[in-house]
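In what follows, a single structure is set out as C-alpha cells and then discussed.
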Amino acid sequence: MLRAGDARELSTLLRISSELDILGDVTATVDNPSELLAWARTLDQPAVLAWRAKDSGHRFVQVASEHHKAPVRGLVTAVLECDRHADFWDALTLTELANGQCSRLTLDDLAKAWTEMPLAPPTTSDGE
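Per my numbering, the sequence shown runs over residues -9 to 118.
Okay, here's the thing in C-alpha cells:
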C-alpha cells in the first residue's frame, strides 16, 4: 500500500505525464463489496478467489484478470478485506474456510451475496 507521501509523489508524476503505461501487475484495495463487484463486472473473465491469511486469519476476496493492452499490461487485481464486511463473507458461505485456505468463487457468487446484504445503514456504537 502507498503511504501518503508516496501517493502524493505518484499523483504528481501522473499529472505531469502525457501518457501512462504500466508494465507489470497492479493491485487495488477496494472499500466495500459493491466496489469489488464493479471491478469483477469490468474485468475480462476475472478469476474470483476468497482466502484467509495463514497466520492472522484475516479474510479477503479478490478478483483478478490478465490485461494485455495499454494502459496496463499485467495482472489486474482488486482485493476486499472482509473482516470489516462479515455479512458479505457469510453470504458467500465461507464461514468454514480455515486459516491458510482459499476457495474459488464465481461472479454469480459475488452478485448473489451482494443481493443478500442488508439495506439498513450500520448503527453506531452508541446504538443510534
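For each residue, glycine too, the CB sits at the ideal point set by N, CA and C.
> Looking at the unbroken alpha helix (DSSP H) that takes in THR105, where does it start and where does it end?
Replying inline: 97 to 105
>> Do LEU39 and ARG94 count as a contact pair if the criterion is CB distance below 8 Å?
In response: yes
> How big is the Cα-Cα spacing for GLY64 and ASN22?
Replying inline: 24 Å
> CB-CB under 7 Å to ALA68, same chain, minus the five flanking residues each way: which ones, in chain order?
Replying inline: Closer than 7 Å at Cβ, skipping near neighbours: ALA18, VAL20, LEU26, TRP29, GLN52, VAL53.
> What whole-angstrom Cβ distance do ASP11 and ALA60 have, given they're in contact under 8 Å?
Replying inline: 5 Å
> So which of CYS72, ARG49, LEU0, THR2 has the shortest CA-CA distance to ASN89?
Replying inline: ARG49
> When you compare each of SER1, HIS57, TRP104 to ALA37 by their alpha carbons, which one comes out closest?
Replying inline: Per the Cα distances, HIS57.
>> In chain order, what are the residue ranges of uninterrupted alpha helix (DSSP H) at least 4 long that sit wholly in the region 7 to 59?
In response: 23 to 32
> What do you get for ASP73, buried or exposed, if any count of 16 or more other CB atoms within 10 angstroms of its CB means buried?
Replying inline: exposed
> Sorted by chain position, which residues of the same chain lie with C-beta nearer than 8 Å to ARG42's C-beta, five sequence neighbours on each side aside?
Replying inline: Correct list, in chain order: HIS48, ARG49, PHE50, LEU87, ALA88, ASN89, GLY90, GLN91, CYS92.
> Any idea what DSSP makes of THR2, helix, strand or coil?
Replying inline: helix
>> So, for LEU13: in the same chain, excluding its five sequence neighbours on each side, which residues have a beta-carbon less than 8 Å away from its beta-carbon?
In response: ARG63, GLY64
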